[in-house]
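Quick note on the working numbering: the sequence shown kicks off at 14 and runs consecutively.
For reference, the structure is listed below as C-alpha coordinates.
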Amino acid sequence: MRGAPPAAERIVEKLEACLWSQAAAHLDLDACPANGVIALLPQFALHPPMMNVGRKALTRHLLHLRLQWDEPIVQVVPSGTVVTAQWCTTSLGHALSGTKVFLADDIAGEQYFGQRQLHRKVSRLQRAGVRARAELLHLFEPFVREQLERANFSLSSEIADFHNRSTPTRSQSHSENLLDDTTVEQMVTEMLYGTSERRSDVERLIDKALAPESLDGCDLDRIFRYGVWSRARSTVQRAIGDPHIGPKIRKLVGKADNLTYAQVIERYRQLYPREHLSWERTVKALSAPLPQGQTFTWAAETLERQPKEAAL
(Lines of atoms letter the chains of each structure in order from A and count residues from 1; the text may use other names and numbers.)
(Lines give C-alpha, C1' and ligand atoms only; values in the text may rest on other atoms or scores of the structure.)
Protein backbone atom coordinates (compact mmCIF):
# COMPACT_ATOMS: atom_id res chain seq x y z
CA MET A 1 0.00 0.00 0.00
CA ARG A 2 1.34 3.42 -0.95
CA GLY A 3 2.24 5.59 2.00
CA ALA A 4 2.85 2.69 4.39
CA PRO A 5 5.67 0.27 5.15
CA PRO A 6 5.21 -3.43 4.36
CA ALA A 7 2.50 -5.23 6.33
CA ALA A 8 3.51 -6.20 9.87
CA GLU A 9 2.88 -9.88 9.07
CA ARG A 10 5.43 -9.77 6.25
CA ILE A 11 7.97 -7.99 8.44
CA VAL A 12 7.51 -10.49 11.28
CA GLU A 13 7.95 -13.42 8.89
CA LYS A 14 11.31 -12.03 7.74
CA LEU A 15 12.45 -11.03 11.24
CA GLU A 16 11.75 -14.52 12.60
CA ALA A 17 13.79 -16.05 9.78
CA CYS A 18 16.68 -13.71 10.67
CA LEU A 19 16.50 -14.63 14.37
CA TRP A 20 16.36 -18.38 13.69
CA SER A 21 19.29 -18.02 11.30
CA GLN A 22 21.38 -16.27 13.95
CA ALA A 23 20.56 -18.93 16.54
CA ALA A 24 21.29 -21.79 14.12
CA ALA A 25 24.83 -20.49 13.67
CA HIS A 26 25.58 -21.39 17.33
CA LEU A 27 24.38 -25.01 17.21
CA ASP A 28 26.90 -27.75 18.01
CA LEU A 29 25.80 -30.17 15.30
CA ASP A 30 28.30 -32.86 16.27
CA ALA A 31 26.56 -33.20 19.64
CA CYS A 32 23.09 -33.56 18.08
CA PRO A 33 21.21 -36.88 17.81
CA ALA A 34 21.63 -38.86 14.58
CA ASN A 35 17.92 -38.49 13.78
CA GLY A 36 15.54 -35.91 15.12
CA VAL A 37 13.74 -32.62 14.72
CA ILE A 38 14.97 -29.04 14.23
CA ALA A 39 12.52 -27.15 16.43
CA LEU A 40 11.98 -23.39 16.07
CA LEU A 41 10.40 -21.43 18.91
CA PRO A 42 8.06 -18.58 17.82
CA GLN A 43 9.45 -15.07 18.29
CA PHE A 44 6.26 -13.02 18.11
CA ALA A 45 2.68 -13.31 19.32
CA LEU A 46 -0.44 -11.24 18.66
CA HIS A 47 -2.05 -9.54 21.65
CA PRO A 48 -3.98 -6.33 22.42
CA PRO A 49 -1.56 -3.53 23.41
CA MET A 50 -1.50 -2.17 26.95
CA MET A 51 -0.18 1.25 25.92
CA ASN A 52 -1.24 4.07 23.64
CA VAL A 53 -0.35 3.16 20.05
CA GLY A 54 -2.26 5.95 18.34
CA ARG A 55 -4.96 5.65 15.70
CA LYS A 56 -3.95 2.16 14.59
CA ALA A 57 -5.71 0.85 17.71
CA LEU A 58 -9.00 1.78 16.01
CA THR A 59 -8.40 -0.66 13.15
CA ARG A 60 -6.00 -3.22 14.64
CA HIS A 61 -6.92 -4.67 18.01
CA LEU A 62 -4.06 -7.18 18.00
CA LEU A 63 -0.43 -6.13 17.61
CA HIS A 64 2.78 -8.15 17.65
CA LEU A 65 4.61 -8.70 20.93
CA ARG A 66 8.21 -9.91 21.03
CA LEU A 67 8.66 -13.14 22.99
CA GLN A 68 11.79 -13.92 24.99
CA TRP A 69 12.65 -17.50 25.97
CA ASP A 70 14.84 -19.12 28.60
CA GLU A 71 15.70 -21.84 26.08
CA PRO A 72 17.57 -21.64 22.75
CA ILE A 73 15.09 -20.61 20.05
CA VAL A 74 16.49 -23.24 17.68
CA GLN A 75 16.83 -26.72 19.17
CA VAL A 76 17.83 -30.07 17.68
CA VAL A 77 16.13 -32.84 19.66
CA PRO A 78 15.02 -36.44 19.12
CA SER A 79 11.65 -36.87 17.45
CA GLY A 80 8.81 -37.01 19.96
CA THR A 81 10.64 -34.88 22.54
CA VAL A 82 8.49 -32.66 24.75
CA VAL A 83 10.04 -29.19 24.99
CA THR A 84 9.18 -27.12 28.06
CA ALA A 85 10.20 -23.47 27.87
CA GLN A 86 9.61 -20.36 29.95
CA TRP A 87 8.66 -17.21 28.05
CA CYS A 88 8.15 -13.57 28.92
CA THR A 89 7.39 -10.29 27.16
CA THR A 90 7.60 -6.62 28.08
CA SER A 91 6.27 -5.39 24.73
CA LEU A 92 3.63 -2.65 24.36
CA GLY A 93 3.10 -2.09 28.08
CA HIS A 94 2.81 -5.76 29.02
CA ALA A 95 4.65 -7.66 31.74
CA LEU A 96 3.61 -11.20 30.88
CA SER A 97 5.29 -14.55 31.42
CA GLY A 98 4.40 -18.20 31.31
CA THR A 99 5.38 -21.74 30.47
CA LYS A 100 4.82 -23.37 27.10
CA VAL A 101 4.95 -27.11 26.52
CA PHE A 102 5.60 -28.21 22.93
CA LEU A 103 5.86 -31.53 21.21
CA ALA A 104 9.00 -30.98 19.13
CA ASP A 105 7.37 -32.45 16.02
CA ASP A 106 4.57 -29.85 16.23
CA ILE A 107 6.80 -26.76 16.45
CA ALA A 108 7.78 -24.94 13.29
CA GLY A 109 10.79 -26.75 11.86
CA GLU A 110 11.45 -30.07 10.19
CA GLN A 111 12.69 -33.60 10.70
CA TYR A 112 16.06 -34.87 9.57
CA PHE A 113 17.64 -38.28 9.20
CA GLY A 114 21.39 -38.55 9.57
CA GLN A 115 24.16 -36.03 10.14
CA ARG A 116 24.51 -35.09 6.48
CA GLN A 117 20.87 -34.11 6.24
CA LEU A 118 21.08 -32.24 9.56
CA HIS A 119 24.05 -30.18 8.34
CA ARG A 120 22.28 -29.46 5.06
CA LYS A 121 19.04 -28.33 6.70
CA VAL A 122 20.75 -26.17 9.31
CA SER A 123 22.83 -24.57 6.56
CA ARG A 124 19.61 -23.93 4.64
CA LEU A 125 18.08 -22.37 7.76
CA GLN A 126 21.05 -20.00 8.05
CA ARG A 127 20.86 -19.02 4.38
CA ALA A 128 17.11 -18.42 4.76
CA GLY A 129 17.86 -15.70 7.31
CA VAL A 130 20.31 -13.98 4.99
CA ARG A 131 17.75 -14.17 2.18
CA ALA A 132 14.97 -12.87 4.45
CA ARG A 133 16.99 -9.77 5.34
CA ALA A 134 17.64 -9.08 1.64
CA GLU A 135 13.95 -9.57 0.85
CA LEU A 136 12.98 -7.23 3.67
CA LEU A 137 15.21 -4.51 2.22
CA HIS A 138 13.55 -5.04 -1.16
CA LEU A 139 10.08 -4.82 0.40
CA PHE A 140 10.94 -1.42 1.86
CA GLU A 141 12.13 0.09 -1.42
CA PRO A 142 8.78 1.69 -2.48
CA PHE A 143 8.25 3.14 1.00
CA VAL A 144 11.80 4.50 1.23
CA ARG A 145 11.47 6.14 -2.19
CA GLU A 146 8.16 7.75 -1.27
CA GLN A 147 9.49 9.08 2.04
CA LEU A 148 12.54 10.61 0.35
CA GLU A 149 10.31 12.26 -2.26
CA ARG A 150 8.06 13.53 0.51
CA ALA A 151 11.03 14.91 2.47
CA ASN A 152 12.44 16.54 -0.67
CA PHE A 153 9.13 18.25 -1.44
CA SER A 154 8.46 19.22 2.19
CA LEU A 155 11.86 20.82 2.77
CA SER A 156 11.86 22.45 -0.67
CA SER A 157 8.50 24.10 0.03
CA GLU A 158 9.45 25.15 3.55
CA ILE A 159 12.77 26.69 2.48
CA ALA A 160 11.15 28.36 -0.55
CA ASP A 161 8.52 29.97 1.70
CA PHE A 162 11.22 31.19 4.07
CA HIS A 163 13.33 32.73 1.30
CA ASN A 164 10.31 34.32 -0.37
CA ARG A 165 9.24 35.94 2.91
CA SER A 166 12.70 37.11 3.94
CA THR A 167 13.99 38.07 0.48
CA PRO A 168 11.09 39.32 -1.67
CA THR A 169 13.38 40.02 -4.65
CA ARG A 170 14.05 36.32 -4.97
CA SER A 171 11.18 34.00 -5.73
CA GLN A 172 11.25 30.21 -5.74
CA SER A 173 8.40 28.13 -7.10
CA HIS A 174 7.04 25.38 -4.86
CA SER A 175 7.22 23.07 -7.86
CA GLU A 176 11.03 23.26 -7.82
CA ASN A 177 12.49 20.58 -5.57
CA LEU A 178 15.94 21.05 -4.10
CA LEU A 179 17.07 17.61 -5.27
CA ASP A 180 16.45 16.14 -8.71
CA ASP A 181 15.13 12.64 -9.43
CA THR A 182 18.58 11.18 -10.08
CA THR A 183 19.88 12.37 -6.71
CA VAL A 184 16.80 11.02 -4.92
CA GLU A 185 17.27 7.64 -6.62
CA GLN A 186 20.88 7.51 -5.40
CA MET A 187 19.62 8.25 -1.90
CA VAL A 188 17.12 5.39 -2.13
CA THR A 189 19.97 3.01 -2.89
CA GLU A 190 22.10 4.33 -0.04
CA MET A 191 19.25 4.21 2.49
CA LEU A 192 18.50 0.61 1.54
CA TYR A 193 21.96 -0.81 0.91
CA GLY A 194 24.41 1.66 2.42
CA THR A 195 27.90 2.38 1.14
CA SER A 196 31.33 0.82 1.57
CA GLU A 197 31.88 3.09 4.61
CA ARG A 198 28.41 3.07 6.14
CA ARG A 199 25.67 0.56 6.86
CA SER A 200 22.28 1.44 5.45
CA ASP A 201 19.59 3.20 7.46
CA VAL A 202 17.06 0.42 6.85
CA GLU A 203 19.59 -2.25 7.89
CA ARG A 204 20.02 -0.46 11.20
CA LEU A 205 16.24 -0.27 11.65
CA ILE A 206 16.07 -4.02 11.05
CA ASP A 207 18.76 -4.54 13.70
CA LYS A 208 16.71 -2.39 16.07
CA ALA A 209 13.59 -4.47 15.40
CA LEU A 210 15.55 -7.69 16.06
CA ALA A 211 16.55 -6.59 19.58
CA PRO A 212 14.65 -8.41 22.38
CA GLU A 213 13.35 -5.15 23.87
CA SER A 214 12.52 -3.56 20.50
CA LEU A 215 8.75 -3.36 21.10
CA ASP A 216 8.87 -2.21 24.73
CA GLY A 217 8.13 1.42 23.89
CA CYS A 218 6.43 1.30 20.50
CA ASP A 219 4.86 -1.08 18.00
CA LEU A 220 6.55 -2.59 14.97
CA ASP A 221 4.81 -0.26 12.52
CA ARG A 222 6.15 2.83 14.29
CA ILE A 223 9.74 1.53 14.33
CA PHE A 224 9.78 1.42 10.55
CA ARG A 225 7.27 4.12 9.61
CA TYR A 226 8.77 6.86 11.79
CA GLY A 227 12.30 5.49 11.46
CA VAL A 228 12.30 5.62 7.66
CA TRP A 229 10.65 9.04 7.56
CA SER A 230 13.06 10.66 10.04
CA ARG A 231 16.08 9.16 8.28
CA ALA A 232 14.76 10.22 4.87
CA ARG A 233 14.37 13.79 6.09
CA SER A 234 17.86 13.77 7.64
CA THR A 235 19.31 12.38 4.40
CA VAL A 236 17.80 15.22 2.37
CA GLN A 237 18.96 17.79 4.93
CA ARG A 238 22.53 16.48 4.79
CA ALA A 239 22.48 16.63 1.01
CA ILE A 240 21.46 20.30 0.95
CA GLY A 241 23.64 21.33 3.88
CA ASP A 242 20.71 22.05 6.19
CA PRO A 243 21.31 21.23 9.90
CA HIS A 244 18.75 18.95 11.49
CA ILE A 245 17.40 21.87 13.55
CA GLY A 246 17.20 24.09 10.45
CA PRO A 247 13.36 24.17 10.31
CA LYS A 248 13.18 25.23 13.97
CA ILE A 249 15.64 28.06 13.37
CA ARG A 250 13.75 29.29 10.30
CA LYS A 251 10.45 29.10 12.16
CA LEU A 252 11.86 31.28 14.93
CA VAL A 253 13.15 33.84 12.41
CA GLY A 254 9.84 33.81 10.56
CA LYS A 255 8.03 35.00 13.68
CA ALA A 256 10.15 38.13 14.02
CA ASP A 257 11.40 40.91 11.77
CA ASN A 258 14.96 42.04 11.05
CA LEU A 259 16.81 39.80 13.49
CA THR A 260 20.59 39.72 13.33
CA TYR A 261 22.39 36.39 13.55
CA ALA A 262 23.41 37.18 17.12
CA GLN A 263 19.77 37.83 18.07
CA VAL A 264 18.67 34.57 16.41
CA ILE A 265 21.26 32.62 18.38
CA GLU A 266 20.33 34.34 21.64
CA ARG A 267 16.58 33.72 21.24
CA TYR A 268 17.10 30.11 20.16
CA ARG A 269 19.34 29.38 23.14
CA GLN A 270 16.70 30.84 25.43
CA LEU A 271 14.07 28.49 23.97
CA TYR A 272 16.31 25.40 23.63
CA PRO A 273 19.24 25.84 26.05
CA ARG A 274 20.40 22.24 25.74
CA GLU A 275 20.93 22.37 21.99
CA HIS A 276 23.89 24.78 22.11
CA LEU A 277 23.14 26.47 18.80
CA SER A 278 26.33 27.54 17.05
CA TRP A 279 27.01 30.37 14.66
CA GLU A 280 27.81 27.95 11.83
CA ARG A 281 24.53 26.05 12.13
CA THR A 282 22.58 29.30 12.23
CA VAL A 283 24.16 30.48 9.00
CA LYS A 284 23.59 27.14 7.30
CA ALA A 285 19.92 27.07 8.32
CA LEU A 286 19.23 30.60 7.14
CA SER A 287 21.08 30.15 3.86
CA ALA A 288 19.67 26.73 2.98
CA PRO A 289 19.91 26.41 -0.80
CA LEU A 290 17.56 27.16 -3.63
CA PRO A 291 16.96 24.49 -6.30
CA GLN A 292 19.96 22.75 -7.84
CA GLY A 293 22.08 24.96 -10.04
CA GLN A 294 21.30 28.10 -8.01
CA THR A 295 23.27 29.44 -5.06
CA PHE A 296 22.51 31.74 -2.21
CA THR A 297 25.45 33.79 -0.90
CA TRP A 298 23.90 36.53 1.18
CA ALA A 299 24.42 34.72 4.48
CA ALA A 300 28.15 34.27 3.95
CA GLU A 301 28.49 37.90 2.94
CA THR A 302 26.47 39.05 5.94
CA LEU A 303 28.58 36.87 8.22
CA GLU A 304 31.69 38.77 7.14
CA ARG A 305 30.01 42.03 8.13
CA GLN A 306 28.76 40.81 11.53
CA PRO A 307 30.88 41.67 14.57
CA LYS A 308 32.73 38.65 15.95
CA GLU A 309 31.33 39.12 19.43
CA ALA A 310 27.89 38.27 18.04
CA ALA A 311 28.96 34.63 17.73
CA LEU A 312 28.77 33.69 21.38
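Quick reminder that beta carbons are idealized off the backbone N, C-alpha and C, glycines included.
Given the structure is predicted, the values throughout are model-derived calculations rather than measurements.
Each residue's CA atom was taken as its position, placing A117 and L223 some 24 Å apart.
The DSSP-derived three-state label of E203 is helix. A residue is called buried when at least 16 other Cβ atoms come within 10 angstroms of its Cβ; E29 meets this threshold and is buried. Taking every protein chain shown into account, the CB of V241 has 16 or more other CB atoms within 10 angstroms, so this residue is buried. Between D232 and P18, the gap from beta carbon to beta carbon reaches 9 Å or more. When DSSP states are grouped into helix, strand and coil, S110 belongs to the strand group. If you ignore the 5 residues before and after L54, its C-beta comes within less than 6 Å of the C-beta of W82 and I86, all in its own chain and listed in chain order. When the five nearest sequence neighbours on each side are left out, the beta carbons in the same chain lying within less than 7 Å of the beta carbon of G122 are those of V50, I51, A52 and L53, in order along the chain.
The segment 271 to 291 makes no contact with the segment 200 to 216, as fewer than three CB pairs between them are under 8 Å. Rounded to whole angstroms, the gap between the alpha carbons of I262 and G142 is 44 Å.
No Cβ-Cβ contact shorter than 9 Å links A298 with I236.
Here A98 carries a strand assignment [DSSP, helix/strand/coil].
The segment 245 to 252 and the segment 162 to 170 touch, with three or more beta-carbon pairs separated by less than 8 Å. If you look at Q124, you'll find it in the beta strand (DSSP E) that goes G122 to F126.
Contact check between the segment 94 to 104 and the segment 128 to 146: fewer than three CB pairs, one atom from each, fall below 8 Å, which does not count as touching. Straight-line measurement puts the Cα of V66 at about 31 Å from the Cα of R144. For S213 and F57, the gap between their C-alpha atoms comes out near 25 Å. Taking P225 as the centre and dropping the five residues before and after it, the same chain places the C-beta of Q81 closer than 6 Å to its C-beta, in chain order. Note that the C-beta distance between A21 and L76 is below 9 Å. Unbroken alpha helix (DSSP H) stretches of 4 residues or longer found wholly inside the segment 137 to 185: none.
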